[in-house]
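Have a look at the structure below before the remarks.
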Amino acid sequence: MRRIAAMTPTVAASGIILLAWAVISYPQLVNPFFVPTPTAVFGSLLDVVGSAAGVRDVLNTTLRWLAGFFIGAGIGVGLGVALGLSRRTFDALEAILDFARSIPPVALLPLFLLVFGIGHSSKVAVAAWTAALPTVIGAGYAVRHARETRLLLGRALRASRLQLYTMFVLPEALPEILSTLRVSLSLALIAAVAAEMLLGGDTGLGKRIFESAIIYDTAQLYAGIVLVGGLGFVANKIVGQLDRRFVHWAGR
Amino acid sequence: MNAKAQVKHDASEGSAARILLKDVRKAFPNAGRDAESADEILVLDGINVDVDQGEVVAVVGPNGCGKTTLLNLIAGLLEADAGDVTLDGKRSESVSVAYVFQNFRETLLPWRTAEENVALPLELAGARRVTARATAREFLRRHAPEVSPRAFPYTLSGGQQQLVAIARAIVSQAPVVLLDEPFNQLDSQYRCQVRARFLDLWASKAQTTILVTHDVEDAILCSQRLLVLSRRPARVLREIRVPLTWPRTDSAVHDELFSEVERTVLQLLRGERS
Numbered sequence: 014m015r016r017i018a019a020m021t022p023t024v025a026a027s028g029i030i031l032l033a034w035a036v037i038s039y040p041q042l043v044n045p046f047f048v049p050t051p052t053a054v055f056g057s058l059l060d061v062v063g064s065a066a067g068v069r070d071v072l073n074t075t076l077r078w079l080a081g082f083f084i085g086a087g088i089g090v091g092l093g094v095a096l097g098l099s100r101r102t103f104d105a106l107e108a109i110l111d112f113a114r115s116i117p118p119v120a121l122l123p124l125f126l127l128v129f130g131i132g133h134s135s136k137v138a139v140a141a142w143t144a145a146l147p148t149v150i151g152a153g154y155a156v157r158h159a160r161e162t163r164l165l166l167g168r169a170l171r172a173s174r175l176q177l178y179t180m181f182v183l184p185e186a187l188p189e190i191l192s193t194l195r196v197s198l199s200l201a202l203i204a205a206v207a208a209e210m211l212l213g214g215d216t217g218l219g220k221r222i223f224e225s226a227i228i229y230d231t232a233q234l235y236a237g238i239v240l241v242g243g244l245g246f247v248a249n250k251i252v253g254q255l256d257r258r259f260v261h262w263a264g265r
Numbered sequence: 003m004n005a006k007a008q009v010k011h012d013a014s015e016g017s018a019a020r021i022l023l024k025d026v027r028k029a030f031p032n033a034g035r036d037a038e039s040a041d042e043i044l045v046l047d048g049i050n051v052d053v054d055q056g057e058v059v060a061v062v063g064p065n066g067c068g069k070t071t072l073l074n075l076i077a078g079l080l081e082a083d084a085g086d087v088t089l090d091g092k093r094s095e096s097v098s099v100a101y102v103f104q105n106f107r108e109t110l111l112p113w114r115t116a117e118e119n120v121a122l123p124l125e126l127a128g129a130r131r132v133t134a135r136a137t138a139r140e141f142l143r144r145h146a147p148e149v150s151p152r153a154f155p156y157t158l159s160g161g162q163q164q165l166v167a168i169a170r171a172i173v174s175q176a177p178v179v180l181l182d183e184p185f186n187q188l189d190s191q192y193r194c195q196v197r198a199r200f201l202d203l204w205a206s207k208a209q210t211t212i213l214v215t216h217d218v219e220d221a222i223l224c225s226q227r228l229l230v231l232s233r234r235p236a237r238v239l240r241e242i243r244v245p246l247t248w249p250r251t252d253s254a255v256h257d258e259l260f261s262e263v264e265r266t267v268l269q270l271l272r273g274e275r276s
């Protein structure tokens, strides 16, 4: 009951937007080519998820995105924690990492195309790269932010270096690492979809959205956008739940 | 590596260590930009302290006189500029110290429940996780029944958090226990209760304990010996052996001898104000 009550504002707000969309699109107040009706878009969406090709696109995008995310974030967290523990290495590499992070991943697409070709691997690689960089920096800072007083407690009790890392520094870094991962997850999706649009190949939601525009099927174009948005949304919610479960104590 | 193993071994026996400070001097760089002020602030100068194994000593002194610095030196978290700090004749870094910091709240690990926090020193000393937590739970049940062992620190009141911090120090087998204003979050009635409980505990534990407090009553009641420090740079003004039986109960505050000691201490401290 409480859950339903909590959802009410969300449902109401979504309803208003849907209503506004309907009011504009059904009487064709705006050119239906740019704003197709909700029925057209949802019909197209059902067509996509109801067809083998559509399912394959959703699965491929999801796989490329998640594979990229796990590879990139995995390397990113490992590297970031290692760098965070060694202040000197971190300081030495910080500018380089910041520079690498500042390169829009899209600018690297041609390079990835040359190196990895037009198959899955180039898209996964782009997503991994995009997920890895903010994670390295985020995890590095998270580890460095361990509170001095807690470390002093450990030092007074003569904890070994390993104990200080595993029992004090890493748990303390966890909330910040998780919020970094949440950002990386969204970025990896952006990268995967962009790669599908621009790197060739013939599957994926990015590809489908791009081609819908070329063949002037705007209903399908919007359907593709809704699907991609839905993927990101669900993933974000899942991570949010993990957050609440594992780092409920953050900031307390 | 060897030294480390030795520490773990010592810790498991619950031994006490003799704390010895010889001619200790400690100054901090002066953060003020005033050109006329000195480059450094001298906090402790020529401090000599000798605390016997298992003895409970209270340190009182004016605000900001360097009581906490003294504890940090003993804990090995600071290095003395001159003089020696030894625990059982060893450099202090090699002996495990259970320290209740003044800002104890920051030292409760928020990802650990009350019982897991109390178990921390036992786990650090090499106890198996399950055993350590069972010991901690039992300790809390007996000595701090108002704290629910499975609660996370952020759900506890300030007073309960302080109890967890004190329990964590006392449950440890560390040969040295340092308490920096350990009762400051407790209201006066609760404070007496908690004090009484820990008086009991201290009497049964062998750990060498130093209690820093600005509360003269706490200091006298909870110690066998008092060190009265001067204002900064701190010297030991006077050492007073508390002439009351030990172990002690809370009712000792009504003793004539208690009032006598209290008068002496307050007089000494008054002289250090101005």
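Heads up: the protein sequence lines correspond to chains G and V, in order. Numbering-wise, the first sequence is residues 14 to 265 according to this note's numbering. Numbering-wise, the second sequence is residues 3 to 276 according to this note's numbering. Every residue, glycine too, gets a C-beta built ideally from N, C-alpha and C.
For residue i and residue j, what's the separation of their Cα atoms in angstroms?
i        : j        : result
V/Gln163 : G/Ala108 : 42 Å
V/Leu44  : V/Asp182 : 21 Å
V/Gly274 : V/Cys67  : The question names Gly, but residue 274 of chain V is Glu in the sequence shown. The straight-line gap from Cα to Cα measures roughly 10 Å.
G/Ala80  : G/Val239 : 22 Å
G/Arg221 : G/Gly153 : 38 Å
G/Ile116 : G/Thr21  : 41 Å
G/Val149 : G/Asp111 : 10 Å
V/Thr133 : V/Gly85  : 41 Å
V/Leu246 : V/Gln104 : 28 Å
V/Asn4   : V/Leu79  : Low confidence applies to V/Asn4: its pLDDT is 41, below 50, so where it sits in the model is not reliable enough to give any reading.
V/His11  : V/Ser98  : Model confidence at V/His11 stands at a pLDDT of 39, short of 50, so the residue's coordinates are unreliable and nothing is read from them.
G/Gly213 : G/Ile131 : 6 Å
G/Leu244 : G/Leu198 : 11 Å
V/Lys207 : V/Gly56  : 8 Å
G/Ala18  : G/Leu255 : 23 Å
V/His216 : G/Ala155 : 37 Å
G/Val36  : G/Gly87  : 47 Å
V/Gln195 : V/Ala40  : 45 Å
Considering only heavy atoms of the ligand ZN, does any lie closer than 6 Å to the CB of residue i?
i        : result
V/Thr215 : Among the components modelled here there is no ligand, and therefore nothing to report on the ligand ZN.
Around the C-beta of residue i, are 16 or more other C-beta atoms found within 10 angstroms, so that it is buried, or is it exposed?
i        : result
G/Tyr235 : buried
V/Lys6   : Unreliable positioning characterises V/Lys6 in this predicted model, as indicated by a pLDDT of 42, which lies under 50. A coordinate reading is not provided.
V/Thr71  : buried
V/Ala13  : Caution applies to V/Ala13, whose pLDDT of 39 falls short of 50 and renders its modelled position unreliable; the model cannot decide the point.
G/Ile228 : exposed
G/Glu185 : buried
V/Pro177 : buried
G/Tyr39  : exposed
V/Asn65  : exposed
V/Ser261 : exposed
V/Ser253 : exposed
G/Thr52  : exposed
G/His261 : exposed
V/Gly160 : exposed
V/Ala171 : buried
G/Thr193 : buried
G/Val68  : exposed
V/Gln334 : An answer regarding residue 334 of chain V cannot be provided, because it is not within the stretch 3 to 276 covered by chain V.
G/His158 : exposed
V/Glu148 : exposed
G/Ile29  : exposed
Going by DSSP, what residues sit across from residue i in a beta bridge?
i        : result
G/Ile29  : For G/Ile29, which the question treats as bridged, DSSP gives no partner whatsoever.
V/Val62  : V/Val230
V/Thr211 : V/Val58, V/Val179
V/Glu241 : V/Leu229
V/Ile21  : V/Val53, V/Leu89
V/Leu44  : V/Ala29
V/Val102 : V/Leu181
V/Arg84  : The amino acid at residue 84 of chain V is misidentified as Arg; the sequence shows Ala. Beta-bridge pairing links V/Ala84 to V/Arg27.
V/Ala236 : V/Leu46
Taking C-beta pairs closer than 9 Å, name the residues in chain A that residue i reaches, listed in chain order.
i        : result
V/Asn105 : Judged by its chain identifiers, the structure shown contains no chain A, and its protein chains are G and V.
Check whether the segment 125-139 of chain V and the segment 186-194 of chain V are in contact - that is, three or more C-beta pairs closer than 8 Å.
no
When you check each C-beta in the segment 155-182 of chain G against every C-beta of chain V, which residues fall closer than 8 Å?
Arg160, Thr162, Arg163, Leu165, Leu166, Gly167, Arg168, Ala169, Leu170, Arg171, Ala172, Ser173, Gln176, Met180, Phe181
Is the segment 78-96 of chain V in contact with the segment 20-28 of chain V, if contact means three or more CB pairs nearer than 8 Å?
yes
Does the pairing of the segment 42-53 of chain G with the segment 99-108 of chain G give three or more beta-carbon distances under 8 Å?
no
What are the residues in the segment 73-88 of chain V lying within 9 Å of chain G by C-beta distance?
Answer set for the segment 73-88 of chain V: Asn74, Ala77, Gly78, Leu79.
Quick check: the segment 102-112 of chain V against the segment 150-169 of chain V, are at least 3 beta-carbon pairs closer than 8 Å?
yes
Chain V contacts made by the segment 62-79 of chain G, where a contact means CB separation under 7 Å:
Listed by position along the chain: nothing, the set is empty.
Under 8 Å (Cβ pairs) to chain G, residues found in the segment 117-128 of chain V
Here the close residues are Leu122, Pro123, Glu125, Leu126, Ala127.
What residues in the segment 148-168 of chain V have a beta carbon less than 8 Å from any beta carbon of chain G?
Phe154, Pro155, Tyr156
With 7 Å as the limit, tell me which residues of the segment 245-264 of chain G have their beta carbon closer than that to any beta carbon of chain V; keep them in chain order.
For chain V, the residues of the segment 245-264 of chain G that bring a beta carbon within less than 7 Å of one of its beta carbons are Trp262, in chain order.
Tell me, please, whether the segment 200-214 of chain G touches the segment 65-82 of chain G by the rule of three or more beta-carbon pairs shorter than 8 Å.
yes
Which residues, taken in chain order from the segment 183-197 of chain G, show a beta carbon closer than 7 Å to some beta carbon of chain V?
Pro184
Assess contact between the segment 137-144 of chain G and the segment 163-173 of chain G, defined as three or more Cβ pairs (one per stretch) separated by less than 8 Å. Is contact present?
no
Got a sec: which bits of the segment 91-115 of chain V sit with their beta carbon under 7 Å from any beta carbon on chain G, in order along the chain?
Ser98, Val99, Ala100, Tyr101, Phe103, Asn105, Glu108, Thr109, Leu111, Pro112, Trp113
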